[in-house]
Structure formats: C-alpha cells, structure tokens
Amino acid sequence: MARATLAQRAGVSPRMIFFYEEGRHTPTPARLGQLAAALGCEVDALTGAQRGQETLVDLRYAAGLTLERVAELLRASQAGRELCVSASKISALESGRPVRGRSWQDPEVTGRLLAPLAKAYGVPIRMVLDAWMRTRGNEPAPALAGKRKQEPSRAALATWESLNERQQIYLGEIMRDDRMTETEMWMRRVQRLQVPRATDWRKLPLTIKAAPSIVGYTRLQERLRQRGVHDPGTGQTVHALERRGLLVITEDSVEHPAVGEVGRVLVEITRRGRAAARAGLGEPREPDPVAHLLSEWLWGVLARVATAEPIGLEDDQLAGRSLFFIGVGYRGKAGGQPSRGFVDSVPLMAPGGTHVAEYRWRLTRLGRRHIAEYLDLYRRLYPRVNTTGLDTLAGEIP
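Position 91 of the sequence shown, counted from 1, bears residue number 93 in the numbering used here, the numbering being contiguous throughout.
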C-alpha cells in the first residue's frame, strides 16, 4: 500500500504517516484505531503488544481512549472519586511511576478501581488486573474481594424439609456419589486420560436389572445398603424425588461378563436437588467463580509448570486447550479475549549455545507473581491440586 493511500484511508496526511513510521510521533488511541482499520489488522498488531502480555497502556489504546476520557469515566465511580483520578494520575499509573495520593497505596481501594477500568476498556476484570500487575510489578497487587459462600436459600431448605427421612437419605447419598464421581473425573484429567462428557458421567448407575447374586451391587446401592434403606421400595423413592424435580431417571444397557447385555437404571441429581441436599445437610451454597482466579483444571496446569522450574516442562507435556487460557500469544477463538500469559515456550540451548536443542514451558514473570499473590487462596479452593514446592517459588518474587 502506498503511503498516500494509507493516509487517505486513515484520514491523516502522508507526512503524518511518515512521522509515525519514523517514530517522530505516536498516534492517538482514536487514530490508532483508524490505522488498524485501514490496514485490516487489530490494534495490538500496531502497538506490538503480544497476546497475554498487555500492559495498562495497551488496554487503553486498544479501547481507543485518551487519558482525559479514561479519567472522566473513572470519576463517575465511587473508587475513582475516592482516588481523585485525573489524566496525569492515569499517565503515572500506566508508566509505572508513583501515583500521588495516600489511597493509591491501599490495595483495597485500588482493587475497587478494576471494575470501572474493565468497563471503560470493554475487557474482563482479570485482564485489567493482569495488565496492572505487569505494569506495576514491584508493588502489591490490587485486592479483589472474593465472593463469600452464601447461606442456603429458604426455598431449598423448605424442599428438603418436605421430604421424608428415607427420601432425604437417598438424595444425600446420591449427591455424595456425584461428588465422588466428579473427583474421579478430575483425577483422570490430571493423569491425561480420556474423560467423558459431564452429561454422561453425572448419570450414576443405581440398579442393574439382574440378580445381585450374579452382577453384584452398584456403588450407590452399597451406599444405601449401609444406611439400611436399600429394599424393594427403592423405585418408589427415586420416582418420588423425580416428581419433585430433584432427580432425573434414565435407562440404558451395558455388557456384563456374567449375563451379557443387561438393562441399567441411572439417576442424575438436578441443580434443585443439589441445592436441597446442601441446605438439608447444612452446607453453604457454592460461591460464584472469582473473576481473577483460574479454574481448578487451569490451576493444576499452572502448578505443573511451576513445579518444573527452573528447567521447565517439556514441550509435549503441555498441550490442548489450556494454552489458549494461560499461554503467551494464544487466543481462545476469533474475537475472543487473549490468554492470561502465565506460561511461555522458551528455547533451551544446546551445550555451547550453537543451536536450540528444545523448547520448554516456563512461568512468565506474571505467572510467578500470580502464584505468589494467590497460592494460599488456591490451596483453600482446590486442596486436591499438588502444590508441593511452590512456597519456595512464591518466596522468590519481590
């Protein structure tokens, strides 16, 4: 494309395009968007911000906002007013310089600024937090309040109390078996074994339609036998729970070595049934996901990379969809948000430095900081994930 053509499409003079190319001037956020549109690319292709490595200024430029406009938007929030946000303070924030004002040193206060910033930039809160931590790597991260576990709802408790004792035992044991199966699926995923879809494995075998003396009892039947409620009335009990919308009953057939193909009855606890069982057993409602934390699956992947430091994890040991969420340079889908950039593929040189022998996955600086900031919280959330040795790694972060 000729310089004059680009200038015409972007709405600037050819001389200004020359200045941009020579580095004598920097495009404004709005002009940057026009240049990207004229060139048929995204803004990050012009700013040089690699996916999963964005800083605060990258987010602002991608949103096409000036410092003055960002300050104006933030002052509409309580946190923005408390911090007396101005264009000069946003500039200092983006450059990593100290921001004047006592409240700017309080992570609790700056943490409340993340949501307004995310709204202004049109990105998730976790992207703003990650960009903040990259930009200001030598100070405490803004504190995002975790969502507390909520008490059982009155409706769920009323549903539980409307059940007779036998129905309560059945519903409670089915929920416990569902949790045990979920743990087994998690272990298979950790061992990189094939995992069925949740819509399949949540259907728990209740009964095999053959004599127990030949085919034995299912795990759920054994649970009910231990509670003394496994008898000919099982069918009536589970159908009563199904009529209340607490269970779903289905049937299929399986091949058994002793009797060949045989029918099987499956039960699946519904969300309403799970809520009623938690309420009746005195368990709090499950909290909503916390915006800045990884899922248990992704935290397990990140922990694996961390425990392989400083050499790193072999290239073929980290594959699949996890890279689209935590690998530098990845994006989940067209138009999707970039990954968090917690791990990166780095070259390992051969002896003598003559060539690259292999690539290994290692933590980025942000990945190390993320572990240092939230290791204790992750351990409480996901106690099944092995984090042995991560305390030393977290202690190395300044």
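Each residue gets a CB set at the ideal place from its N, CA and C atoms; glycine is no exception.
(request) Kindly identify the DSSP beta-bridge partner or partners of D346. (result) The residue you call residue 346 lines up with position 344 of the sequence shown. R364, per the DSSP bridge assignment.
(message) On a Cα-Cα basis, can you pick out the residue from G13, S88, M135, A158 that is closest to G282?
(response) For the purposes of this step, residue 282 is taken as the residue at position 280 of the sequence shown. Of the candidates G13, S88, M135, A158, the one whose C-alpha sits nearest the C-alpha of G282 is A158.
(message) So, for H232: in the same chain, excluding its five sequence neighbours on each side, which residues have a beta-carbon less than 6 Å away from its beta-carbon?
(response) Here residue 232 corresponds to residue number 230 of the sequence shown, with the count starting at 1. Cβ within range, chain order: Q223, L226.
(message) Can you check which of these residues, E163, R114, I251, L300, is closest to L206 by C-alpha distance?
(response) Counting from one through the sequence shown, the residue named residue 206 turns up at place 204. Checked all of E163, R114, I251, L300; the closest Cα to L206 is I251.
(message) Do A73 and A89 count as a contact pair if the criterion is CB distance below 7 Å?
(response) Your numbering for residue 89 matches position 87 in the sequence shown. Your numbering for residue 73 matches position 71 in the sequence shown. Yes, these two residues count as a Cβ contact at 7 Å.
(request) Alpha carbon to alpha carbon, how far is A305 from N388? Give it in angstroms, no decimals. (result) Within the sequence shown, residue 388 is the residue found at index 386, counting from 1. Within the sequence shown, residue 305 is the residue found at index 303, counting from 1. Rounded to whole angstroms, N388 to A305 spans 7 Å at the Cα level.
(message) Distance check for P118 and S79, CA to CA, integer angstroms please.
(response) In the sequence shown, residue 79 corresponds to position 77, counting from 1. In the sequence shown, residue 118 corresponds to position 116, counting from 1. So the alpha carbons of these two residues sit roughly 7 Å apart.
(message) Tell me the rounded alpha-carbon separation between D179 and A293.
(response) Numbered from its first residue, the sequence shown carries residue 179 at position 177. Numbered from its first residue, the sequence shown carries residue 293 at position 291. Cα-Cα distance, rounded: 29 Å.
(request) Thinking V358 and M351 are a contact (beta carbons under 8 Å), I'd like their distance in whole angstroms, please. (result) On the sequence shown, residue 358 is found 356 positions in, with the first residue counted as 1. On the sequence shown, residue 351 is found 349 positions in, with the first residue counted as 1. Their Cβ separation, rounded to whole angstroms, is 6 Å, which keeps V358 and M351 in contact under 8 Å.
(request) With a threshold of 6 Å, establish whether the CB of L131 neighbours any heavy atom of the ligand ZN. (result) With respect to small molecules bound, the structure shown includes none, and the ligand ZN cannot be examined in it.
(message) Short of 7 Å in beta carbon distance, which residues of its chain neighbour T366, apart from the five on each side in sequence? Order them along the chain.
(response) As a first step, residue 366 must be located in the sequence shown, where it is residue number 364. So the qualifying residues of the chain are V330, G343, F344, V345, D346.
(message) Give me the residue from D202, R181, H258 with the minimum Cα distance to Y219.
(response) Walking along the sequence shown from the start, residue 219 turns up at place 217. Residue H258 is the option with its Cα nearest to Y219.
(message) For I176 and R104, I'd like the C-alpha separation in whole angstroms.
(response) As a working mapping, residue 176 is identified with position 174 in the sequence shown. As a working mapping, residue 104 is identified with position 102 in the sequence shown. Rounded to the nearest angstrom, the two C-alpha atoms are 54 Å apart.
(request) Going by DSSP, name the residue or residues bridged to L315. (result) The count along the sequence shown starts at 1 and reaches residue 315 at position 313. In the DSSP output, where bridge partners are listed per residue, L315 has W363.
(message) Quick check: what's the CA-CA separation for A277 versus P385?
(response) Position 275 of the sequence shown, counting from 1, holds the residue named residue 277. Position 383 of the sequence shown, counting from 1, holds the residue named residue 385. Going by the C-alpha atoms only, they are around 23 Å apart.
(message) If I measure Cβ to Cβ from R168 and keep anything under 7 Å in the same chain, skipping five residues before and after, which residues do I get?
(response) Position 166 of the sequence shown, counted from the start, is the residue given in the question as residue 168. Counting only Cβ-Cβ distances below 7 Å, and skipping sequence neighbours, we find V231, T239.
(message) Rounded to whole angstroms, what is the Cα-Cα separation between S15 and V101?
(response) Start at 1 with the first residue of the sequence shown, and residue 15 comes out as number 13. Start at 1 with the first residue of the sequence shown, and residue 101 comes out as number 99. The straight-line gap from Cα to Cα measures roughly 36 Å.
(message) Just to confirm before moving on: does the CB-CB distance between R371 and M135 stay below 7 Å?
(response) By 1-based counting over the sequence shown, the position of residue 371 is 369. By 1-based counting over the sequence shown, the position of residue 135 is 133. Yes, the Cβ-Cβ distance between R371 and M135 is below 7 Å.
(request) Let me know if D60 comes out buried or exposed under the rule of 16 or more other beta-carbons within 10 Å of its beta-carbon. (result) Counting from one through the sequence shown, the residue named residue 60 turns up at place 58. Classification of D60: buried, given that the 10 Å Cβ count is 16 or more.
(message) By the three-class DSSP mapping on this structure, what secondary structure does P340 have?
(response) Stepping through the sequence shown from its first residue, residue 340 is reached at position 338. Strand.
(request) Would you mind sorting A12 into buried or exposed? The rule is 16 or more other CB atoms within 10 Å of its CB. (result) For the purposes of this step, residue 12 is taken as residue 10 along the sequence shown, with counting starting at 1. Buried.
(request) Please confirm if the region 126-143 is in contact with the region 54-69, defined as three or more CB-CB distances below 8 Å between the two stretches. (result) yes
(message) Comparing C-alpha positions only, which one of E70, E24, V87 sits nearest to R77?
(response) Working through the sequence shown from its first residue, we reach residue 77 at position 75. Comparing Cα-Cα distances from R77 to each of E70, E24, V87, the minimum goes to V87.
(request) Report the rounded CA-to-CA distance for T390 versus L368, giving the unit in angstroms. (result) Indexing the sequence shown from 1 puts residue 390 at position 388. Indexing the sequence shown from 1 puts residue 368 at position 366. Going by the C-alpha atoms only, they are around 20 Å apart.
(message) Using the Cβ count rule (16 or more neighbours within 10 Å means buried), how would you classify I373?
(response) Taking the first residue of the sequence shown as position 1, residue 373 is located at position 371. Looking at its Cβ environment, which holds 16 or more other Cβ atoms inside 10 Å, I373 is buried.
(request) Just the C-alpha distance for S155 and I271, rounded to the nearest angstrom, thanks. (result) Locating residue 155 in the sequence shown gives position 153, where the first residue counts as 1. Locating residue 271 in the sequence shown gives position 269, where the first residue counts as 1. If you take the alpha carbons of S155 and I271, they lie about 18 Å apart.
(request) With DSSP collapsed to three states, give me the class of P207. (result) What you label residue 207 is simply residue 205 of the sequence shown in a count that begins at 1. Reduced to three states, the DSSP call for P207 is strand.
(request) Report the three-state DSSP secondary structure of H258 (helix, strand or coil). (result) The residue labelled residue 258 in the question sits at position 256 within the sequence shown. In the structure shown, H258 sits in a strand (DSSP, three-state: E or B).
(request) Alpha carbon to alpha carbon, how far is E298 from L208? Give it in angstroms, no decimals. (result) Looking up residue 208 in the sequence shown gives position 206. Looking up residue 298 in the sequence shown gives position 296. Rounded to whole angstroms, L208 to E298 spans 29 Å at the Cα level.
(request) Tell me whether M351 sits in a helix, a strand or coil according to DSSP, three-state version. (result) Numbered from 1 along the sequence shown, position 349 holds the residue referred to as residue 351. Three-state result, M351: strand.
(message) Need the endpoints of the alpha helix (DSSP H) that W299 sits in, please.
(response) Indexing the sequence shown from 1 puts residue 299 at position 297. 298-309 is the extent of the alpha helix (DSSP H) around W299.
(request) Starting from R53, follow its DSSP beta bridges and name the residues at the other end. (result) Looking up residue 53 in the sequence shown gives position 51. R53 is not bridged to any residue.
(request) Quick one: using the 10 Å Cβ neighbour count with 16 as the cut-off for buried, is R17 buried or exposed? (result) Taking the sequence shown and counting its residues from 1, the one referred to as residue 17 is at position 15. Looking at its Cβ environment, which holds fewer than 16 other Cβ atoms inside 10 Å, R17 is exposed.
(request) Enumerate in chain order the residues of its own chain whose CB-to-CB distance from G174 is below 8 Å, with the five nearest sequence positions on each side excluded. (result) For the purposes of this step, residue 174 is taken as residue 172 along the sequence shown, with counting starting at 1. Cβ within range, chain order: A279, G282, L283.
(request) Measure from the alpha carbon of L268 to the alpha carbon of each residue in R274, A260, E253, then state which is nearest. (result) On the sequence shown, residue 268 is found 266 positions in, with the first residue counted as 1. Taking only the C-alpha atoms, the option nearest L268 is E253.
(request) Please check the pair D317 and E285, which I expect to be a contact at CB under 8 Å, by giving their CB distance rounded to whole angstroms. (result) Counted from its first residue, the sequence shown places residue 317 at position 315. Counted from its first residue, the sequence shown places residue 285 at position 283. With 8 Å as the limit, D317 and E285 do not qualify as a contact, their Cβ atoms being about 42 Å apart.
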